[in-house]
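Undergrad: Sharing a structure with you now.
Residue numbers (the UniProt record's numbering), protein chains in the order written: chain A, 1 to 287; chain B, 1 to 287; chain C, 1 to 287; chain D, 1 to 287.
Shown next as structure tokens:
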């Protein structure tokens, strides 16, 4: 309804549709979680309940948005991935990012007391998240993005595990531990952990070492001998699909269970066994 | 720390800095609040507690982000306004929008039980918000934006008040009420309210008729006889201000109380008495 | 050199870097060529000299910008294609587009008298071109873009050939010819040409039916039995290549001759025989 | 005409409409003019014919595009300014920039022989230009942009005049002159010119010292005592003007003569006497 002479201000809104046929990654990050984790006394180097809360909130986001293909979380960040075929919100950047950020925040706040029953939330220490969308032109680069985050997880976790062991078990000051770790490589840190503290880093929990990957569960498939990447081969522009086709696929996705996994997503195996993630076509539901 | 051969994926992130020296409006909207308000049985045409909750969450956003100049809310939407001088997050669009959306959501969820003690939140009916940023090149157009929202509030509220009175007090069906209101102008609706139900629309609550404006409270000033718009006259590029100047202004803003008001923001008077809103310079704190 | 208090205005310049690892197509179009072609009495439906001039100008653009992979021209438009690896001007949209538009215009004006010696240019009828860049995420879609232009060439040329034959040889008025052609399909037009005028459309010049494709000439290769698309498989981010590598490839490209061809670019054959176009790697120079 | 299954590629074209109600500056720059000016033996420090050619080409651009308000040129660059009300090409960035770049290039090449009759153009030394659009939110900042370019002109010309006088008249080597000028301020350069060579910089040609400003000529007006900036006061959104109003204004603009001036555009006087430039309303045509 054209309500007034002021309506011309709408002409200042600028379009922000993301390039078609590209992977969309929305990564969200905790705002000021360093301070926050101090305030609520998160365990060091990893707080299992805090990670479980992140994952629980992320699962809800995956459930609310069946268009999401996969998500990967580490520490206070989570990356949500939409397939190149995704037409949700006409691929509007702002709409996609704010919906994910807000939905995630809502569940995180809502579920907090379930994971931290003895530490009630208290403003001004209320958790919040910012986020951004980045597009990647093909699945090779999307996988490199996912690998980048998982390598980052590994590097940070090895460092943090060593650092906090030196401080908490070794009685070193933060400064001394930091100083000693400067310039060390992975092997050095592994050795410190093993020789000084008898800790074999390989025995650390997978959730700490690998982060968390969320996806819809279908029957695993056997990797085929030679496979060209599915998405580049068939640039189906979903807008050419009928509405009812899109709705049907969405329904199928809703039926699949969202699983929480802590596995290697850098090597091919993960992707070859779960071809539905890169193809965008739902797999076979487990019996 | 350059951690791996995967890091090149960062080059796909694209800048989204908003044009300098423009007003930034971040408007957020409730997602699916039609369904939500049914589920939690919001009163019609206005639910006072729901509006108070919106306002309470918005006040918290204003407090956390001293860079905000003013905010205006109606129904399940809120517009937050940054001054042209604002340098928060280097004016990055995504960062500004998601921070506001997430902070608002967090407080809205957190405070829910305070405003709706007898109606606990229950997924999947968890409130969330989307948002977008729009820039306006001068204060004349910013004021037109604010006027647009307040006119919209008026038009919708008059319609809704009439419609729900016809239904709830007049016993009409939704369809019949809708049918009768089709094509009516304001005078018609005022007459229906007054003649049939003895309701003088002018006596409705200001919060319903005018919406809610939030701003920092300083001593009101007397409108000066002739005044050129402050911001266009002096395009101070804040990046040229020293860091310490910016911090100082931020501190002054934090000291001012955020007030909740329901007044006309279309006419000049509101702005002339509160010149700090358009100028960006803190006023005098009340004694 | 920081020259004055006015320099802050540079902060209003906004970045326009195109997404990495995508194909860049810069398409330019003649401005007001309808009027222009009347003024300089271009032959209908095709003016061979005008097309040759377009092609000559485009060849010069290809020579000046060795980063260009291929170009396709029809009528008063030309599409210039940069490979996903292209780093020219840091992939800045404005710089790429204006450089091509200006270089093309310069050569077009400069060479005019060579192609139209008897029709000197006379302002205000001075030819000019506008242009735009579009990015495509993979070579499948780039090829669809090229196919789109060539199909367009075919459709327009068949229509124009029929229309102008009806008018020039058949003595029909423009309106009558237009009227009769409304709603006809290709077969109808072929029949009109053949039955009424004894013209077999297949015998028309290839340059009119297929448009013009420009590329660097290397030794043709035999299509291999199975081939995955080269560019998606190896997302080499050229910025990771050394400067000297990039310069070397540029030199190799300069050595190759730019050829003017009028062939089918929709089927696979064209691309399979000339793998250097999609791979971005120079081929073997002919002996 | 929906011509084929390839047409979906059009969906990859992204909008690039510039923010309404802002000043648009399109600045073009000569590509590789350092080399070019050597090749065609431009006089140092200023070549009058080269500047006159730049200005002549720019005048033609002003004439072809009546929407242009003003232009400013120095050396091998030119800035063309559209008023906030401008709706040309729906304010599409690419269209505006490429049209100006191409039109300018066309006239520059076309007129070359008129200004350099004895030095015919010879590829590969064919002049071309790149360009970009920048928007400015109000006339204060637009004027700062114009001032920035004119200050730049002054600084560069004073340096170049001194440098080339030292070299050409003083017989110094380029390196020695450069070395001596390092770290000098304006007063130093003025003194070198005056004491060593008897040159009073103030007597240099205005076109060298001030650059060139182009605008449409109406009757000059007397500056009014107090004047609020016209454009911010009345944010007329031209799209709300009728088509016929816009056409009428365009016609009036075409009637005004485009003048070539070399005057100070930093102080208020220039703008106050020619209020039509900032207001966008045509003035009174001289009798």
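For each residue, glycine too, the CB sits at the ideal point set by N, CA and C.
Do residue 258 of chain B and residue 62 of chain B have their C-beta atoms within less than 8 angstroms of each other?
TA: Contact flag set, yes.
Undergrad: From the DSSP output, in three-state form, read off residue 104 of chain B for me.
TA: Here residue 104 of chain B sits in helix by DSSP.
Undergrad: To test your reading of the DSSP string, which unbroken alpha helix (DSSP H) runs of 4 or more residues are found completely within the region 55 to 114 of chain A?
TA: Here no run is fully enclosed.
Undergrad: Please list, in chain order, the residues of the region 76 to 90 of chain C that have any C-beta partner in chain D closer than 8 angstroms.
TA: Against chain D - using a Cβ distance shorter than 8 angstroms - the region 76 to 90 of chain C contributes no residues.
Undergrad: In chain C, which residues lie less than 7 angstroms from residue 137 of chain A when you measure between Cβ atoms?
TA: The contacting residues are 19, 21, 22, 137, 138.
Undergrad: Cβ atoms of residue 201 of chain C and residue 46 of chain C: under 8 angstroms apart, would you say?
TA: Going by C-beta atoms, residue 46 of chain C is not nearer than 8 angstroms to residue 201 of chain C.
Undergrad: Per DSSP, what are the beta-bridge partners of residue 40 of chain C in this structure?
TA: In DSSP, residue 40 of chain C forms no bridge with anything.
Undergrad: Figure out for me which residue from D/34, D/60, D/271 has the closest Cα to the Cα of residue 223 of chain D.
TA: The shortest C-alpha separation from residue 223 of chain D is found at D/271.
Undergrad: With a floor of 3 residues, list each beta strand (DSSP E) that falls wholly inside the UniProt domain "Thg1 C-terminal" (141 to 267) of chain B, ordered by position along the chain.
TA: Here the runs fully enclosed are 212 to 217, 257 to 261.
Undergrad: Can you list the residues of chain C that residue 148 of chain D reaches, using a CB-CB cut of under 7 angstroms?
TA: Ordered by position in chain C, the residues that pass the 7 angstroms Cβ test against residue 148 of chain D are 4, 6, 7, 9.
Undergrad: State yes or no: is the beta carbon of residue 141 of chain B nearer than 8 angstroms to at least one beta carbon in chain D?
TA: It does; some Cβ of chain D falls within 8 angstroms.
Undergrad: Classify residue 268 of chain A as buried or exposed, calling it buried when 16 or more other Cβ atoms lie within 10 Å of its own Cβ.
TA: It counts as exposed.
Undergrad: According to DSSP, simplified to helix, strand and coil, what is residue 129 of chain B?
TA: If DSSP states are grouped into helix, strand and coil, residue 129 of chain B belongs with the strands.
Undergrad: Buried or exposed for residue 198 of chain D, please, with buried defined as at least 16 other CB atoms from any protein chain shown within 10 angstroms of its CB.
TA: Residue 198 of chain D should be labelled exposed.
Undergrad: Can you check whether the CB of residue 60 of chain A is closer than 8 angstroms to the CB of residue 282 of chain B?
TA: No, Cβ-Cβ distance for residue 282 of chain B and residue 60 of chain A is not below 8 angstroms.
Undergrad: Work out the CA separation of residue 278 of chain D and residue 233 of chain B for me, nearest whole Å.
TA: With a pLDDT of only 42 at residue 233 of chain B, under 50, the local geometry of the prediction cannot be trusted, and the value read off the model is given with reservation. Taking the straight line joining both Cα atoms gives about 15 angstroms.
Undergrad: Going by C-alpha to C-alpha distance, which of D/10, D/55, D/255 sits closest to residue 211 of chain D?
TA: Ranking D/10, D/55, D/255 by Cα distance to residue 211 of chain D puts D/55 first.
Undergrad: Just to make sure I have the definition right: I need the residues of chain B whose C-beta is within less than 9 angstroms of the C-beta of residue 40 of chain A. Which are they?
TA: Those do not exist, as residue 40 of chain A stays about 14 angstroms from chain B at its closest Cβ, beyond 9 angstroms.
Undergrad: Does the beta carbon of residue 220 of chain D sit closer than 8 angstroms to a beta carbon anywhere in chain C?
TA: By this cut-off, residue 220 of chain D is not an interface position.
Undergrad: In whole angstroms, what separates the C-alpha of residue 85 of chain C from that of residue 152 of chain A?
TA: Each residue's alpha carbon lies about 26 angstroms from the other.
Undergrad: What does residue 29 of chain C pair with, by DSSP beta-bridge criteria?
TA: According to DSSP, which records beta bridges pairwise, residue 29 of chain C is partnered with C/77, C/130.
Undergrad: Assign residue 150 of chain D to one of two classes, buried (16 or more other C-beta atoms within 10 Å of its C-beta) or exposed (fewer than that).
TA: By the 10 Å Cβ count, residue 150 of chain D comes out buried.
Undergrad: Does the region 242 to 259 of chain A come close enough to the region 96 to 114 of chain A to have 3 or more Cβ pairs within less than 8 angstroms?
TA: Taking 8 angstroms as the limit for Cβ pairs, the verdict is that the region 96 to 114 of chain A does not touch the region 242 to 259 of chain A.
Undergrad: Report the rounded CA-to-CA distance for residue 192 of chain D versus residue 101 of chain D, giving the unit in angstroms.
TA: Their Cα atoms are separated by approximately 39 angstroms.
Undergrad: Relative to the C-alpha of residue 242 of chain B, which residue among B/39, B/87, B/65 is closest?
TA: Of B/39, B/87, B/65, the residue nearest in Cα terms is B/87.
Undergrad: Can you tell me whether residue 18 of chain C is helix, strand or coil according to DSSP?
TA: Coil at residue 18 of chain C, not helix or strand.
Undergrad: Suppose you measure from the CA of residue 186 of chain B to the CA of residue 126 of chain B; what does that come to, to the nearest Å?
TA: Cα-Cα distance, rounded: 36 angstroms.
Undergrad: Counting only beta-carbon atoms, is residue 123 of chain D nearer than 8 angstroms to chain C?
TA: At least one chain C Cβ lies under 8 angstroms of residue 123 of chain D.
Undergrad: Please classify residue 15 of chain D: is it buried, with 16 or more other beta-carbons within 10 angstroms of its beta-carbon, or exposed?
TA: So residue 15 of chain D ends up on the exposed side.
Undergrad: Since residue 8 of chain D sits in a beta bridge, which residues does DSSP pair it with?
TA: None; residue 8 of chain D has no bridge partner.
Undergrad: Please compile the residues from chain B whose C-beta is within a distance smaller than 7 angstroms of the C-beta of residue 163 of chain C.
TA: Result: empty, since nearest Cβ-Cβ is about 45 angstroms, beyond 7 angstroms.
Undergrad: Thinking residue 20 of chain D and residue 12 of chain A are a contact (beta carbons under 8 angstroms), I'd like their distance in whole angstroms, please.
TA: Indeed, because the Cβ distance is near 6 angstroms, the residues count as touching under 8 angstroms.
Undergrad: Buried or exposed, going by whether 16 or more other CB atoms sit within 10 Å of the CB of residue 285 of chain A?
TA: That one is exposed.
Undergrad: In this structure, does DSSP put residue 122 of chain B in helix, strand or coil?
TA: Looking at residue 122 of chain B - three-state DSSP - the assignment turns out to be strand.
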